[in-house]
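Peer 1: Position one of the sequence shown corresponds to residue 7 (the working numbering), numbered consecutively onward.
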Amino acid sequence: MPNKNLYICVCPEVCAIKANGYDIVKKSTFERHEVTRQYSTIYSTYPVHHLHGQHVTDDMLTMFGQSESQITEAMEVDSSTNLEEIDDNGEAIDFDNVDLDLDDDYEGQFNENVDETPMYANRSFPPLDEPLSLYLFFFVILFKTKFLTDDQTELLMECMNVVLLFTNMKYRFPVKATTLLSSSELLQRCYEGVTQYSVCKGCHRLYRLNENGRSTVTVCRKCDESLIIGGTSNSHLPKMLFEYNSIVSTLKKFMCRPGFVDSLLKWKSRPQQQNLMLDVYDGNVWKQFGSVNGGLPFVQQSDYNIMLTINMDWFQPFVGTQHSSGGIYLTIQNLARDERNLKENVICVGLLPGPKEPSGAEINNYLSPLVDELFVLFDEGVLMDVLVDGALKKERVRAALTMVACDLQAARKLCGFTAGNSNCACHKCLKQFGSLDGDMMRRDFRNFDMASWIPRTNYTHRQAAMELYQQLSETSKSRHANLHGTKYSELLRLRYFDPVMFTVVDPMHNLYLGTAKKMMMIWRTTIKNRRLMLTNDDMKKMVAEARNIQLPVGITSIG
7 MPNKNLYICV CPEVCAIKAN GYDIVKKSTF ERHEVTRQYS TIYSTYPVHH
57 LHGQHVTDDM LTMFGQSESQ ITEAMEVDSS TNLEEIDDNG EAIDFDNVDL
107 DLDDDYEGQF NENVDETPMY ANRSFPPLDE PLSLYLFFFV ILFKTKFLTD
157 DQTELLMECM NVVLLFTNMK YRFPVKATTL LSSSELLQRC YEGVTQYSVC
207 KGCHRLYRLN ENGRSTVTVC RKCDESLIIG GTSNSHLPKM LFEYNSIVST
257 LKKFMCRPGF VDSLLKWKSR PQQQNLMLDV YDGNVWKQFG SVNGGLPFVQ
307 QSDYNIMLTI NMDWFQPFVG TQHSSGGIYL TIQNLARDER NLKENVICVG
357 LLPGPKEPSG AEINNYLSPL VDELFVLFDE GVLMDVLVDG ALKKERVRAA
407 LTMVACDLQA ARKLCGFTAG NSNCACHKCL KQFGSLDGDM MRRDFRNFDM
457 ASWIPRTNYT HRQAAMELYQ QLSETSKSRH ANLHGTKYSE LLRLRYFDPV
507 MFTVVDPMHN LYLGTAKKMM MIWRTTIKNR RLMLTNDDMK KMVAEARNIQ
557 LPVGITSIG
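#1: Return the CA-CA distance between Ile528 and Ser330, expressed in angstroms with no decimal places.
#2: Could you tell me how far apart the beta carbons of Thr408 and Leu302 are, in whole angstroms, since I believe they sit closer than 8 angstroms?
#3: At which residues does the alpha helix (DSSP H) containing Met472 begin and terminate?
#4: Suppose the cutoff is 6 angstroms on Cβ atoms and the five residues either side in sequence are ignored; what does the same chain contact list for Val200 look like?
#5: If contact is defined by three or more beta carbon pairs under 8 angstroms, each pair taking one atom from either stretch, is the stretch 380 to 393 in contact with the stretch 491 to 504?
#6: So, with DSSP's three-state summary, where would you put Glu82?
#7: I need the straight-line Cα distance from Leu212 to Asn371, nearest angstrom please.
#8: Tell me the DSSP bridge mates of Thr541?
#9: Classify Phe423: buried if its beta carbon has 16 or more other beta carbons within 10 angstroms, exposed otherwise.
#10: With a Cβ-Cβ cutoff of 9 angstroms, do Thr222 and Ala183 count as a contact?
#11: Cutting at 8 angstroms between CB atoms, please list the residues of its own chain near Gln556, excluding the five before and the five after it.
#12: Does the beta-carbon distance from Met261 to Leu393 come in below 9 angstroms?
#13: Express the C-alpha separation of Pro180 and Leu162 in angstroms, rounding to a whole number.
#14: For Gly360 versus Pro323, is the C-beta distance shorter than 9 angstroms?
#15: Please list the segments of the beta strand (DSSP E) lying wholly inside the stretch 198 to 277, counting only runs of 3 or more residues, in order along the chain.
#16: Quick check: the Cα distance between Asp121 and Thr35, rounded to an integer number of angstroms?
#17: Compute the beta-carbon to beta-carbon distance between Leu336 and Ser269, rounded to the nearest angstrom, for a pair I have assumed lies under 8 angstroms.
#18: Which class does Pro461 belong to by DSSP, given the choice of helix, strand or coil?
#19: Could you spell out where the alpha helix (DSSP H) holding Glu480 opens and where it closes?
#20: Out of curiosity, what's the CA-to-CA distance linking Pro18 and Asn167?
#21: Under a Cβ-count criterion, where at least 16 other Cβ atoms within 10 Å of its own Cβ denotes burial, should Tyr28 be classed as buried or exposed?
#22: When the distance is taken between beta carbons, is Leu247 closer than 9 angstroms to Val205?
#23: From this set, Glu401, Ala487, Met514, Cys165, which residue's C-alpha is nearest Asn427's C-alpha?
#24: Please confirm whether Gln415 and Ala425 have their CB atoms less than 9 angstroms apart.
#25: Applying the criterion that 16 or more other CB atoms from any shown protein chain within 10 Å of the CB defines a buried residue, is Lys399 buried or exposed?
#26: Are the beta-carbon atoms of Ser572 and Arg404 separated by less than 9 angstroms?
#27: Quick one: is Gly265 buried, meaning 16 or more other Cβ sit within 10 Å of its Cβ, or exposed?
#28: Locate the alpha helix (DSSP H) running through Tyr372, then write down its first and last residues.
#29: How should Ala22 be labelled, buried or exposed, when 16 other C-beta atoms within 10 angstroms of its C-beta is the threshold for buried?
#30: Give a yes or no on whether 9 angstroms exceeds the smallest Cβ distance from Arg501 to chain D.
#31: Near Ala522, which residues of its chain fall below 7 angstroms by C-beta distance, leaving aside the five closest residues on each side in sequence?
#32: Give me the Cα-Cα distance between Tyr287 and Glu345, rounded to the nearest whole angstrom.
#33: I'd like to confirm the pairing. Which residues does DSSP put opposite Gly333 in its beta bridges?
#34: Quick check on Val169: buried or exposed, where buried means 16 or more other Cβ atoms within 10 Å of its Cβ?
#35: Based on DSSP bridge pairs, tell me the residues matched to Cys435.
#36: DSSP three-state call for Cys15: helix, strand or coil?
Right, here's the structure in full:
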């Protein structure tokens, strides 16, 4: 009796090159092979082409002199033809353990992941003697990485295969986009140094995934939240994913780029002007950090000691829906200002999953792997290849995080300061701000008596963070945080990190996005003690002061 799920296929691309001149395949595989067979002009030259498309019966098995075990062997991959059956997850299938039962109930017992016989005979890089294949291969790869989804890529590969067939090229694109990336090892190369974590939606704790991208922990150990997508087809796939990009791995790539080391050293030969601050190199941190007893500062102890700036910000990736994702980035201060923020020189540490912004305590989970690497980079350094004068040599590279450049909200979450509407809202001093009359949630930021502004220090900040860590109840923790304006941050694990000094004042929102302009309008229209808070005489004095400011090269005035 015919088995409706099995077909005899003699397509010239795959099945006809088997020892018997045919292969027994599943219906879905047969339909895919049929697409290319219709374009082939050599199909009718095969002796058994008249059997193409027939259902398999027991009589046919007897006629061909095959047993059930022999059919299993016929469906195995012949390594000599560079065939490897790959499942949807990019993993090779072991056909030795496949048991085919060709009875009437076969269709219901068939394993969907086993029978996907490859449509084309090669799945690696195109041969070097086929320039057209190489060109189309890299075109598809680049087009996919910038513009296409997996489905769109697979449609494009189908069209490209027709072109390759008509031009008598041997190379063929695979059916699946994931196969294209995995078999050519592009995923391994693109994601080298990237570690995947499953994220708890409740508390944002991270759990490292295995090498197959599956979660080995299914329930969060802290809040019992499920970590994986339900259903057998998505077995152990994480609900939320965080990918951490190793800064050590990235620096190794940077150090091997032609001209990169030269760019790191340009700051040493920069033009300097007396009493004029042109860039970060003229600041006290750059000149003094790491100096012991008046010795050389950190950046002058070695040509391969670098100082880093961290930035964190959120964005809306989708139009028409509220979904906030965040990014953590590092830039290298040693690079000149016109180079350090170019995208090829920025280290994207990771993208924080949405849909909401995590709290400061939750962000610590994402900072933990970063701090682990920063700890090693500063204390011991990492020995890596460095390209100097066209030759690679081994050098020890060290790095220190010495600047936090974010907006107010992100800076407070990164460094362990309380929010901008808290009682102790300033990250530079311990000034306590009361509430406005009639609104407990709005702070009264008046009082410009600078004598009452007690400066924060690295010591007092760390001491308050340690005391907060020792509080037993959530109520006492909240009270302590509001009193001192301090929370715990993973960055405090870095012994050299000074959150007060290293957190810069945010100039962009103050100047370019209108905060200062709004304050000026308020002061110019508010009457206090029968006079304007900001009079014309005050404005003239401010203009005179502004005219004495000498702007650095490349910086223009506003307005």
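Where is the CB? At the ideal position from N, CA and C, for every residue including glycine.
Peer 2: Short version:
#1: 32 angstroms
#2: About 16 angstroms; that fails the 8 angstroms criterion.
#3: 464 to 475
#4: Glu249, Asn251
#5: yes
#6: Low per-residue confidence applies at Glu82: pLDDT is 37, beneath 50, and the placement is therefore not dependable enough to give any value.
#7: 7 angstroms
#8: Per DSSP, none; premise fails for Thr541.
#9: buried
#10: Contact: no.
#11: Leu282
#12: yes
#13: 11 angstroms
#14: yes
#15: Fully enclosed beta strand (DSSP E) runs of 3 or longer: 200 to 205, 212 to 214, 247 to 251.
#16: The predicted position of Asp121 is uncertain, since its pLDDT is 37 and thus under 50; a value taken from the coordinates is nonetheless stated next. Looking at the two C-alpha atoms, the distance is approximately 8 angstroms.
#17: Not really, about 16 angstroms apart at Cβ, beyond 8 angstroms.
#18: strand
#19: 480 to 490
#20: In a straight line, the C-alpha of Pro18 is about 14 angstroms away from that of Asn167.
#21: That one is buried.
#22: yes
#23: Ala487
#24: yes
#25: exposed
#26: Residue 572 lies beyond the range of the chain shown here (7 to 565); nothing can be said about it.
#27: exposed
#28: 366 to 385
#29: buried
#30: Going by chain labels, chain D is absent from the structure shown, which holds only one protein chain.
#31: Asn516
#32: 15 angstroms
#33: Asp319, Leu357
#34: Flag for Val169 reads exposed.
#35: In DSSP, Cys435 forms a bridge with Pro461.
#36: strand
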